[in-house]
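Counting from 60, one number per residue, gives the positions in the sequence shown under the working numbering.
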Amino acid sequence: MSIEQKAKQLKRFYDSLPEWYWKYGLHDAKITLIYEDFDKGRSFLEIHVDATGAMFEQDVTKIKLYDYKIISPDDIGVLEGGYWITDSIEALDSGRYLLKAEISCSNDKDLVPFEIRFSDTEVERKGKRHRHNFKTG
């Protein structure tokens, strides 16, 4: 495959990612707070990050996932204080998304898998707030 073909393939990949998503990654962003709550009858998981030390998307400050189901870990509290290492996002046939991430907790050797399905999201960046409702766009 030529460099030109690889570049086109990479562009297609980045263009396929949701607009709100941190396309270039949150590697080394620290999870400073994570909690579950309800607002107007809807459950959400809120993740606060300090991304100032992240390799790329240093402007992300908060991720709020609505109508979610945590697949792993059993106790989300273990993620607090951990560092975001990798993640991927997948659009599901149901119109929801599946986020899979690996979080470095307690030491660099323990990577904790974090998997969650959700319907809507709100991502706050320094100076910006983006909310996306998958049902209405």
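Ideal Cβ placement from N, Cα and C applies to all residues, glycine included.
Using the Cα positions of residue 96 and residue 172, report the straight-line distance between them to the nearest angstrom.
-> 22 Å
Where the beta strand (DSSP E) containing residue 78 begins and where it ends = First-last for residue 78: undefined, no H or E at that position.
Name the DSSP bridge partner or partners of residue 129?
-> 175
Secondary structure at residue 161, three-state DSSP: helix, strand or coil?
-> strand
Three-way DSSP call (helix, strand, coil) for residue 123 in this model = strand
What's the call for residue 138, buried or exposed, on a 16-neighbour Cβ count within 10 Å?
-> buried
Rounded straight-line distance, which links the Cα of residue 116 to that of residue 144 = 13 Å
Would you call the segment 110-129 and the segment 70-86 touching, i.e. three or more CB-CB distances under 8 Å?
-> yes
Using alpha carbons as the reference points, say which of 60, 185, 179 lies closest to residue 126.
-> 179
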